[in-house]
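>
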Amino acid sequence: MSRAFQSLLPLSRHRIDRDHVSRANAALLDERWHGPEARVLVLHRGQALAIAGANPADYDGFGPKPTVAVHPRLDLRSPADLPDSVVRHLASGGVRLYLGFGLDDSDDLPAGAPVFAISVTDAGASALETPGSSWLNLRMVAADLDDVGAGIFTEALAMVNWHTTHTHCPRCGEATVVESGGWVRRCPREDIELFPRTDPAVIVGIVDHDDRILLGSNALWENNRYSLLAGFVEPGESLEAAAIREIAEESGVIIDDPEYVGSQPWPFPASLMVGFMARVSEEHPAALRPDGDEILDLRWFTREQLADPASDVLLPGAASIARAIIERWYGGPLPEPEKQ
Ligand SMILES: [Zn+2]
Numbered sequence: 005m006s007r008a009f010q011s012l013l014p015l016s017r018h019r020i021d022r023d024h025v026s027r028a029n030a031a032l033l034d035e036r037w038h039g040p041e042a043r044v045l046v047l048h049r050g051q052a053l054a055i056a057g058a059n060p061a062d063y064d065g066f067g068p069k070p071t072v073a074v075h076p077r078l079d080l081r082s083p084a085d086l087p088d089s090v091v092r093h094l095a096s097g098g099v100r101l102y103l104g105f106g107l108d109d110s111d112d113l114p115a116g117a118p119v120f121a122i123s124v125t126d127a128g129a130s131a132l133e134t135p136g137s138s139w140l141n142l143r144m145v146a147a148d149l150d151d152v153g154a155g156i157f158t159e160a161l162a163m164v165n166w167h168t169t170h171t172h173c174p175r176c177g178e179a180t181v182v183e184s185g186g187w188v189r190r191c192p193r194e195d196i197e198l199f200p201r202t203d204p205a206v207i208v209g210i211v212d213h214d215d216r217i218l219l220g221s222n223a224l225w226e227n228n229r230y231s232l233l234a235g236f237v238e239p240g241e242s243l244e245a246a247a248i249r250e251i252a253e254e255s256g257v258i259i260d261d262p263e264y265v266g267s268q269p270w271p272f273p274a275s276l277m278v279g280f281m282a283r284v285s286e287e288h289p290a291a292l293r294p295d296g297d298e299i300l301d302l303r304w305f306t307r308e309q310l311a312d313p314a315s316d317v318l319l320p321g322a323a324s325i326a327r328a329i330i331e332r333w334y335g336g337p338l339p340e341p342e343k344q
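Residue numbers (our numbering): 5 to 344.
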């Protein structure tokens, strides 16, 4: 893995100590929540309360990104400043997540300040909004946030998504209770602990013997949008085996020895994208065969084709590991805005 490559992945950045040892101490977390340095990130329907920036709620992270007029910053508030309706929501079963503490001084967060995250209802969201605030979509702003903001938003969203879908025990159906600063849900009937989960997916930059890269157009996208092939790791399967299987299924292409290049959390809702590079097998050259279900079209691209200003091919957005892998192969940032 290249550390330089990893540093290019917007959602992999973090400047928070997750402070595992404090999670089990409920009294300590209460004390920190009420302390003067505490900050809380508020999420609503997967978006974060922020200061400035554009906010198209339906932006999916691909295609032309709406202009962000002002550099966005998370609106990290003191818990003491939360509206009464939000405080009541938390007291009646709302989840309060302890994310950790800031590692160094930044504009938004002093070093050592404890950081929490909460998710609010529509009414709570309305009560929190101010003339300068807006709700930001992580996929849209990840590349524009600083390391502190990107890390907090990514961690908070991943955890909120887990809580949203794991309110009950998967074994017996009993309602679970939140413990350890939000990092555990316990089934009271069976007295078992349930931990947050992440679903690994592999994504592969495939090059042929002419050093062209393989991109596919997904059935869910517009016709001229292309990205790397990717898919979920199945139970009982290694990352490498998943990469080889997914590529063969989606394209008919056989690859040799996929090599790990880096990973990025992708909390939409619960993925970890594990990036690989691979070459087409010399022993098993195969014609491109889109699966016709997920992938409708496949093309080999040269660097000149992707950089061509006359091309109408749309590439993945700046927040994605797909973009970073394509640019790693390309040798630098690809031109924008035509390609973004
Ligand atoms: Zn149970």
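Virtual Cβ for every residue (Gly too), placed ideally from N, Cα, C.
Which residue wins for smallest C-alpha separation from E133, given the options T171, L53, P118?
E133 has its Cα closest to that of L53, out of T171, L53, P118.
> Which partner residues does P204 have in the DSSP bridge list?
Note: P204 is bridge-paired with L276 in the DSSP secondary-structure output.
> Just to confirm, are A274 and T202 a CB contact at a threshold of 8 Å?
yes
> Just the Cα atoms here: how many angstroms apart are P271 and I325?
13 Å
> Assign W270 to one of three DSSP states: helix, strand, or coil.
strand
> Going along the chain, which residues put their C-beta within less than 6 Å of some heavy atom in ligand 2?
Because ligand 2 does not appear in the structure shown, any question about it cannot be addressed here, the ligands present being ligand 1.
> Could you give the distance in angstroms between the alpha-carbon of L3 and the alpha-carbon of E41?
This structure leaves residue 3 out entirely; the chain is present only between 5 and 344.
> What number of angstroms, rounded off, separates the C-alpha of E263 from the C-alpha of L243?
10 Å
> Do the CB positions of I217 and I210 come within less than 8 Å of each other?
yes
> Can you tell me which of the three DSSP states D108 falls into?
coil
> How is V257 classed by DSSP in three states: helix, strand or coil?
Looking at V257 - three-state DSSP - the assignment turns out to be coil, as it is neither helix nor strand.
> Just the Cα atoms here: how many angstroms apart are P239 and I258?
Taking the Cα positions, P239 is about 21 Å away from I258.
> According to the neighbour-count rule (16 or more other Cβ atoms, all chains shown, within 10 Å of its Cβ), is Q268 buried or exposed?
buried
> Under a three-way DSSP split, which group does G155 fall into?
helix
> Please name the residue or residues paired with V46 in a DSSP beta bridge.
According to DSSP, which records beta bridges pairwise, V46 is partnered with I122.
> Look at the Cβ atom of D21, then the Cβ atom of G104, and state whether they are nearer than 8 Å.
Their beta carbons are under 8 Å apart, which means D21 touches G104 by this criterion.
> Quick check: what's the CA-CA separation for G336 versus W225?
25 Å
> Taking Cβ positions, are R17 and D109 nearer each other than 8 Å?
no
> Let me know if C176 comes out buried or exposed under the rule of 16 or more other beta-carbons within 10 Å of its beta-carbon.
exposed
> I'd like the list of long-range same chain contacts for D62, defined as Cβ closer than 7 Å, with 5 residues on each side in sequence excluded.
Annotation note: pLDDT 45 at D62 (below 50); position unreliable, coordinate value reported separately. Nothing meets the Cβ criterion.
> Go to E35, then tell me how far its beta strand (DSSP E) extends in each direction, as first and last residue.
Here E35 belongs to no beta strand (DSSP E); instead the alpha helix (DSSP H) covers 30–37.
> Assuming A314 is part of the beta strand (DSSP E), what are its boundary residues?
From DSSP, A314 is part of no beta strand (DSSP E); its letter is neither H nor E.
> Going by DSSP, what residue range makes up the alpha helix (DSSP H) through R143?
142–145
> Just to confirm the assignment, what range does the alpha helix (DSSP H) spanning A179 have?
Looking at the DSSP string, A179 is not in any alpha helix (DSSP H), and its letter there is neither H nor E.
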